[in-house]
Amino acid sequence: MRYTKTLIPTLKEDPTDAEVVSHKLMVRAGMIRQIARGIYDFLPLGWRVVRKVEQIVREEMDRAGAQEILMPAVCPAELWQESGRWEHYGRELLRIKDRHDREFCFGPTHEEVVTDLVRRDVRSYRDLPINLYQIQTKFRDEVRPRFGLMRGRELLMKDAYSFHVDADDCHREYQLMADTYRRIFRRCGLDTRQVESDTGAIGGRRAHEFQVLADSGEDAIVSCTQCEYAANVEKAEIGRADSDVLPAAPAATLKKIRTPGKRSVEDVAAFLSEPPERFVKTLLFTTSEGETMAALVRGDHELSDVKLRNALGVAWVQLAEASVVEASTGAEIGFAGPLQWKRPVRVLADHAVRGITGGVIGANETDHHFVGFDQQRDLGDLAFADLRLARAGDRCPRCENGAFDSHRGIEVGNIFYLGTKYSTAMKAMFLDADGREKPMEMGCYGIGVTRTAAAAVEQYNDANGILWPMPIAPAHVQIVPVKWADERMRTAAEDLYGKLQGAGIEAILDDRDERPGVKFKDADLLGVPLRVTVGGKGRGRGVYEREQRDQAEASDLPVGDAVDQLKKIVAAGLAH
RNA sequence: CGGGGUGUGGCGCAGUCUGGUAGCGCGCCUGCUUUGGGAGCAGGAUGCCGGAGGUUCAAAUCCUCUCACCCCGACCA
Numbered sequence: 000m001r002y003t004k005t006l007i008p009t010l011k012e013d014p015t016d017a018e019v020v021s022h023k024l025m026v027r028a029g030m031i032r033q034i035a036r037g038i039y040d041f042l043p044l045g046w047r048v049v050r051k052v053e054q055i056v057r058e059e060m061d062r063a064g065a066q067e068i069l070m071p072a073v074c075p076a077e078l079w080q081e082s083g084r085w086e087h088y089g090r091e092l093l094r095i096k097d098r099h100d101r102e103f104c105f106g107p108t109h110e111e112v113v114t115d116l117v118r119r120d121v122r123s124y125r126d127l128p129i130n131l132y133q134i135q136t137k138f139r140d141e142v143r144p145r146f147g148l149m150r151g152r153e154l155l156m157k158d159a160y161s162f163h164v165d166a167d168d169c170h171r172e173y174q175l176m177a178d179t180y181r182r183i184f185r186r187c188g189l190d191t192r193q194v195e196s197d198t199g200a201i202g203g204r205r206a207h208e209f210q211v212l213a214d215s216g217e218d219a220i221v222s223c224t225q226c227e228y229a230a231n232v233e234k235a236e237i238g239r240a241d242s243d244v245l246p247a248a249p250a251a252t253l254k255k256i257r258t259p260g261k262r263s264v265e266d267v268a269a270f271l272s273e274p275p276e277r278f279v280k281t282l283l284f285t286t287s288e289g290e291t292m293a294a295l296v297r298g299d300h301e302l303s304d305v306k307l308r309n310a311l312g313v314a315w316v317q318l319a320e321a322s323v324v325e326a327s328t329g330a331e332i333g334f335a336g337p338l339q340w341k342r343p344v345r346v347l348a349d350h351a352v353r354g355i356t357g358g359v360i361g362a363n364e365t366d367h368h369f370v371g372f373d374q375q376r377d378l379g380d381l382a383f384a385d386l387r388l389a390r391a392g393d394r395c396p397r398c399e400n401g402a403f404d405s406h407r408g409i410e411v412g413n414i415f416y417l418g419t420k421y422s423t424a425m426k427a428m429f430l431d432a433d434g435r436e437k438p439m440e441m442g443c444y445g446i447g448v449t450r451t452a453a454a455a456v457e458q459y460n461d462a463n464g465i466l467w468p469m470p471i472a473p474a475h476v477q478i479v480p481v482k483w484a485d486e487r488m489r490t491a492a493e494d495l496y497g498k499l500q501g502a503g504i505e506a507i508l509d510d511r512d513e514r515p516g517v518k519f520k521d522a523d524l525l526g527v528p529l530r531v532t533v534g535g536k537g538r539g540r541g542v543y544e545r546e547q548r549d550q551a552e553a554s555d556l557p558v559g560d561a562v563d564q565l566k567k568i569v570a571a572g573l574a575h
């Protein structure tokens, strides 16, 4: 690539609408431009990165025996109605109508379409297993797109779907995909963790996420310090920790006290000079079944709505509206408690609430709380479940002495065991060896290709710009002739450029007639892993200067040996 | 959807309170000088001040409506 023939509109200043580093740097490096909220143009260098990620994904999926196909982006409503998701998927589904007023959606995921494809053309156990994947533009009408490519509405995604004769074979494939994902992200140069996760809107029974560790990540994950267990905090099981059991408080009677205007645990704790862990938070939820229920968690804990939803066995829960809270408690929001309901409400408590004494709870009366709450004495028939978010320091559920560390993560991939959810709903059946008809077992596996590119920038950047890992860099080498007007430098740079191309090394030749400082700054910003400076300094000694973007020091690169040396470094970077 | 904020040359911003010739820095174009970490001088181009309506002799500025984008929350493969 010649710099002057390539659209690389770099910016000196951070764009004002960008918050996270990947967004800022990819815009500044002239790789992406926003065109609407959550929707981006990819410019030549940005697109090269995306295509490299895509190619790594493709190679590894092919190696695992999956077959690439392409399904339509625009999908008919009928298929989604058949699975029930036309109603249930919600407003993330971009719905459109054609000129005949027929309903379609822009596909956010393709379980329905692929299941339809397979049910029509796969009939026998002899045709199974099969794993079909595509790399395609998806559209998800996110409530709040943000952080550039990290949460866009239009995104490039690899989605794979596998079909099997039984659950065992599906689990084998699930494991194969997990291994494949580890290879893919390692080849991309990314440090990822595989964590247990909830199955969410996709449905199904078992799921893992692949998270790139980064402070800017939107997901919170915990991992055991002693064993392999790691999970999203909303899902992570919590070991029966002794630390959750509070020492008994001095005996006290239940007493109603005035707490005017003190609604949050923080406020009331400060007002009463009681520690938050002596509080029991009462949160009212409306479920997908239309029930109003209350969940109790300790004041210093946070509720996981995922765990609550799973404990109740419902499709979704959401915090109850103010009017519902007031109807159930007879009080304004902020004073709900598990005693003296105005209207009976089912109550489910987190394990850490068990046996609490000397507790503080809302009184179901505006501006009042109870102190001296004793769970056994005052609310003996309580039902318990694991409802809270895991956090650092919690005991590991899988090993003796482990405890959790916490991290932030960017979810770049996920794998789901679906069971027969879609095959049953959509009648994707096959005949087994005994001639019996059975629903296929399914798994699905996604990778956010554009998000992976952004996650790489989150993981590899410094004050001057991006530091691409070699395998996904927009080019391997950037050649910077210090003075383009100088014929000897120009000739030498052109010569090296030609030889690198011949050697299969991707190079950007900065053939702009710019001052050296401009070229160096732009080179740092773009983040090409290797830079060769062709200038006056080394001319007398017959050397160029070689710099690696992730190292401070430059070193000599003998002219005659340049191509071979660069080839070796590039090869090592690609093999990493 | 609730709360907060911003829309002024390609980019970053001032001007709005208190109505009166639309500005600055960077970038862009021309020329000269420069040339190893975002050069200097001189000259130049680029604005329906997000849009619509209103008030006024006069609106970037005041009023009403609207659209877009950003942040926080709810939400989310």
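The end of the first sequence is residue 575 by numbering that gives the first Met the number 0, with every number in the run present.
For every residue, glycine included, the Cβ atom is placed at its ideal position computed from N, Cα and C.
Remember, predicted model here, so these are calculated numbers, not experimental data.
Notebook entry, point to check: Under the DSSP definition of a beta bridge, which residues are partnered with Thr395?
Noted result: Here the sequence assigns Cys to residue 395, which means Thr is not the residue at that position. DSSP lists no bridge partner for Cys395.
Notebook entry, point to check: On the three-state DSSP scale, how would you describe Cys223?
Noted result: Note: Cys223 maps to strand in three-state DSSP.
Item checked: Simplified DSSP state of Thr114, which is helix, strand or coil -> Here Thr114 sits in helix by DSSP.
Next item on the list: For the beta strand (DSSP E) holding Thr285, just list the boundary residues, first then last.
Entry: Here the beta strand (DSSP E) through Thr285 covers Val279 to Thr286.
Item checked: Alpha-carbon to alpha-carbon, Leu573 and Gly610 -> Shown here, the chain extends from 0 to 575; a query on residue 610 therefore has no answer.
Check: Between Ile478 and Asp494, what straight-line distance do the alpha-carbon atoms span, to the nearest angstrom?
Finding: Each residue's alpha carbon lies about 11 Å from the other.
Notebook entry, point to check: Any idea if Arg376 is buried or exposed, counting beta-carbon neighbours within 10 angstroms, 16 or more meaning buried?
Noted result: Exposed, because fewer than 16 other Cβ atoms sit within 10 Å of the Cβ of Arg376.
Check: How do the stretch 249–263 and the stretch 224–232 stand: do at least 3 beta-carbon pairs fall below 8 Å, yes or no?
Finding: Three or more Cβ pairs closer than 8 Å define a contact, and the stretch 249–263 falls short of that threshold against the stretch 224–232.
Item checked: Residues sharing a beta bridge with Pro557, DSSP -> Its beta-bridge partners are Val542.
Next item on the list: Using the Cα positions of Leu307 and His87, report the straight-line distance between them to the nearest angstrom.
Entry: So the two alpha carbons sit approximately 19 Å from each other.
Notebook entry, point to check: The alpha helix (DSSP H) spanning Met25 covers which residue range?
Noted result: Segment Val20 to Arg27, the alpha helix (DSSP H) holding Met25.
Item checked: Under the three-state DSSP convention, the category Asn587 falls into -> Here the chain covers residues 0 to 575 and nothing more, so residue 587 does not appear.
Checklist line | Candidates Gln225, Leu378, Gln550 and Gly312: closest to Gly392 by CA position | finding: If we check each option's Cα against that of Gly392, Gln225 comes out closest.
Margin query: Output needed for Ala310: all residues of its chain with C-beta closer than 8 Å, excluding positions within five of it in sequence on either side, in chain order.
Written below: When the five nearest sequence neighbours on each side are left out, the beta carbons in the same chain lying within less than 8 Å of the beta carbon of Ala310 are those of Leu347, Ala384, Asp385 and Leu386, in order along the chain.
Notebook entry, point to check: Since Gly333 contacts Arg262 with CB under 8 Å, what's their CB separation in whole angstroms?
Noted result: Taking the Cβ atoms as the reference, Gly333 lies roughly 3 Å from Arg262, within the contact range of under 8 Å.
Next item on the list: Ignore the nearest five residues each way along the sequence and tell me which others in Arg640's own chain have a CB closer than 7 Å to its CB.
Entry: Residue 640 cannot be examined here, being either before or after the span of the chain that is shown, 0 to 575.
Checklist line | For Val244 and Thr258, believed in contact at Cβ under 8 Å, the rounded distance | finding: Not a contact, Cβ separation roughly 27 Å.
Check: What did DSSP end up calling Ser263 once you bin it into helix, strand or coil?
Finding: Reduced to three states, the DSSP call for Ser263 is coil.
Next item on the list: For Pro438, write down the residues that DSSP places opposite it in a beta bridge.
Entry: Looking at the DSSP assignment, Pro438 forms a beta bridge with Met428.
Item checked: Sequence-distant residues of the same chain with beta carbon closer than 6 Å to Ile134, five excluded per side -> Counting only Cβ-Cβ distances below 6 Å, and skipping sequence neighbours, we find Glu53 and Lys157.
Item checked: For Thr291, the three-state DSSP class (helix, strand or coil) -> Three-state result, Thr291: strand.
Notebook entry, point to check: How many Å lie between Phe146 and Ala17 at the Cα?
Noted result: In this structure, the straight-line span from the alpha carbon of Phe146 to that of Ala17 is close to 7 Å.
Note to self: Run through the DSSP bridge pairs and tell me what Tyr586 is partnered with.
What the structure shows: A question about residue 586 goes unanswered here, because the residues of the chain that appear run from 0 up to 575.
Notebook entry, point to check: Start and end of the beta strand (DSSP E) containing Asn413?
Noted result: Judged by DSSP secondary structure, Asn413 falls within the beta strand (DSSP E) whose first and last residues are Phe403 to Gly418.
Note to self: Please give me, in chain order, every unbroken run of the alpha helix (DSSP H) with length at least 4 that falls completely inside the stretch 13–96.
What the structure shows: DSSP runs (the alpha helix (DSSP H)) wholly in the stretch 13–96: 20–27, 43–62, 76–82 and 84–87.
Margin query: Please classify Thr3 as buried or exposed, where buried requires at least 16 other C-beta atoms within 10 Å of its C-beta.
Written below: A residue is called buried once 16 or more other Cβ atoms fall within 10 Å of its Cβ, and Thr3, having fewer, is exposed.
Margin query: Here's the rule I'm using: 16 or more other beta-carbon atoms within 10 Å means buried, otherwise exposed. How should His575 be labelled?
Written below: Residue burial is scored here from C-beta neighbours: His575 has fewer than 16 other C-beta atoms within 10 angstroms and is therefore classed as exposed.
Checklist line | Range covered by the alpha helix (DSSP H) that runs through Lys255 | finding: No alpha helix (DSSP H) contains Lys255, which is instead part of the beta strand (DSSP E) from Lys254 to Arg257.
Next item on the list: Measuring alpha carbon to alpha carbon, tell me which of His475, Ile68 and Ala402 ends up nearest Arg239.
Entry: Cα-wise, what sits closest to Arg239 is Ala402.
Margin query: Measuring only the C-alpha atoms, how far is Leu253 from Val359?
Written below: If you take the alpha carbons of Leu253 and Val359, they lie about 9 Å apart.
Check: Whose C-beta lies closer than 8 Å to the C-beta of Ser422 among residues of the same chain, with five residues either side of it excluded?
Finding: Here the set comprises Thr114, Arg118, Phe162, Met428, Pro438, Met439, Glu440 and Met441.
Check: From the DSSP output, which residues share a beta bridge with Asn231?
Finding: For Asn231, which the question treats as bridged, DSSP gives the partners Ile220.
Next item on the list: May I ask you to report which of helix, strand or coil DSSP gives Val313?
Entry: Val313: coil per DSSP, three-state reduction.
Note to self: Using a Cβ distance threshold of 8 Å, determine whether the stretch 470–490 contacts the stretch 520–540, with at least three qualifying pairs required.
What the structure shows: Short answer: they touch.
Checklist line | Nearest candidate by alpha-carbon position, reference Ala455, set Ser222, Met25, Val316 and Ala319 | finding: The residue from Ser222, Met25, Val316 and Ala319 with its alpha-carbon nearest to that of Ala455 is Met25.
Next item on the list: Would you mind sorting Leu430 into buried or exposed? The rule is 16 or more other CB atoms within 10 Å of its CB.
Entry: With a threshold of 16 other beta carbon atoms within 10 Å, Leu430 falls short and is exposed.
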